[in-house]
Amino acid sequence: MSQPESQPGPRIAVSVVTMGNRPAEVDALLTSVAKQDLAPSRIVVVGNGCPLPEFAERLGLPGEVTCIEVDENLGCPGGRNVALARLREWGDVDVVVELDDDGLLVDADVLRRVRDLYAADPRLGIVGFRIADEYGETQRRHVPRVGAADPMRGGPVTGFLGGGHALSMAMLAETGDWPAEFFFAHEETDLAWRAADAGWTILYEPELLLQHPKTSPARHAIYYRVTARNRVWLVRRRLPIPLIPVHLGVWIAVTLLRTRSAGGLKAWFGGFVEGLRTSGGERRPMRWRTVWRLTRLGRPPVI
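The sequence shown begins at 1 in full-length UniProt numbering and counts up one residue at a time.
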């Protein structure tokens with residue numbers, strides 16, 4: 001087998017956060033990283049409140065895998081921030097590819113394609129991957145456009161999927177990292193809105209495939225409460241004041257139409273009240289020109 005290509009141009013790192021409950025999936029994911037035709041400069045695995053095994057020698061990975069164990073589960077955004085902090089200390093990475101621990105890179109050219117996209121556009125901030133299950137199906141909620149959009153239609157968008165994406169380290173230096181206080185849900189939207197407000201491009205590239213088991217976000221016990229709380233936090237942090245009641249009104253209506261569980265509705269409205277009563281972090285609302293930009297891209301920030 002030919003050796004992976006070294007990295008001219010933007011230097012790529014790979015980051016994975018795990019809670020230690022998917023050891024076989026993490027092995028498979030890191031093996032797919034090892035098969036890339038462009039070797040990453042760094043690989044960081046964060047154990048979110050769990051111990052980690054040694055990966056590199058066992059899986060034949062290029063170079064050293066840095067394993068970071070944190071004492072408590074910081075949530076997905078908090079765990080990713082741990083990895084970003086370590087990458088920033090090294091100072092030799094331009095783009096970080098963040099992957100869900102139960103995902104899989106099917107194609108061997110994903111990292112090379114990511115590098116080429118960033119090399120071609122210095123204002124490219126975020127690249128979202130296409131998420132598909134083992135049968136090639138992409139769930140509707142995984143397409144970053146309003147409506148039943150074609151999952152193979154790429155281009156500039158207003159958001160991205162947390163399961164597989166790439167982030168510019170230069171962008172993060174300007175916008176800040178993940179909102180750790182969110183723990184789970186809507187952290188991608190918060191980061192995307194900050195990126196758009198700072199003038200960075202968010203690109204959906206369907207040729208970059210992350211294979212991921214078909215799941216429902218409601219599988220998480222805290223889903224309804226945290227989703228509602230974080231949505232309130234999100235709009236309080238990022239939207240101009242006139243748009244806040246519009247956005248929340250739309251999502252109250254959507255929730256009432258979609259949620260069939262009385263217990264789910266009770267938890268959702270409990271989270272909604274929690275979001276109103278508690279602080280979700282510093283308020284830095286987007287500019288009105290950003291609202292217009294998101295609207296022109298097909299998703300005004302009230303939907």
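Think of the CB as a built atom: it goes at the ideal place given N, C-alpha and C, for glycine as much as any other residue. Since the structure is predicted, the reported quantities are computational estimates derived from the model, not experimental observations.
Here Asn-21 is exposed: its Cβ has fewer than 16 other Cβ atoms, across all protein chains shown, within 10 Å.
Closest by C-alpha distance to Asp-92, out of Val-14, Pro-23, Asp-109, is Val-14. Cβ neighbours of Val-33 within its own chain (closer than 6 Å, five residues either side excluded): Val-14. Taking C-beta separations shorter than 6 Å and ignoring five residues to either side along the sequence, the partners of Val-106 in its chain run Leu-209, Gln-211, following chain order. Leu-297 and Pro-51 have their C-alpha atoms some 43 Å from each other. The residues Arg-123, in chain order, have a CB closer than 8 Å to that of Gly-199 in the same chain once the five nearest residues on each side in sequence are set aside. For Arg-277, no beta strand (DSSP E) segment is defined; the enclosing uninterrupted segment is the alpha helix (DSSP H) at 262 to 277. If you ignore the 5 residues before and after Pro-285, its C-beta comes within less than 7 Å of the C-beta of Arg-238, Leu-239, Pro-240, all in its own chain and listed in chain order.
Pairing Val-97 with Val-114 gives a Cβ-Cβ distance under 8 Å. Straight through space, the alpha carbons of Glu-54 and Thr-175 are spaced by roughly 33 Å. Boundaries for Gly-47: no alpha helix (DSSP H) harbours it, while the beta strand (DSSP E) harbouring it runs 42 to 48, taken from the DSSP string. Below 8 Å, enough C-beta pairs join the stretch 226 to 235 and the stretch 262 to 278 to call them touching: three or more.
With contacts defined by Cβ atoms closer than 8 Å, Arg-86 and Val-44 form a contacting pair. Secondary structure note for His-165: its beta strand (DSSP E) is the uninterrupted segment 164 to 168. Here DSSP, grouped into helix, strand and coil, assigns Val-302 to coil.
The residue among Pro-77, Val-110, Asn-73 with its C-alpha nearest the C-alpha of Ile-12 is Val-110. DSSP places Arg-237 inside the alpha helix (DSSP H), whose first and last residues are 223 to 238. Judged by DSSP secondary structure, Glu-54 falls outside any beta strand (DSSP E); it is assigned neither H nor E. Counting along the chain, no beta strand (DSSP E) covers Pro-179, and no H or E run does either. The three-state secondary structure of Asp-92, taken from DSSP, is coil.
As far as DSSP is concerned, Leu-191 takes part in no beta bridge. For Val-291, the enclosing alpha helix (DSSP H) has its first and last residue at 288 to 296. Straight through space, the alpha carbons of Gly-9 and Leu-84 are spaced by roughly 20 Å. Note: Pro-156 is bridge-paired with Leu-203 in the DSSP secondary-structure output.
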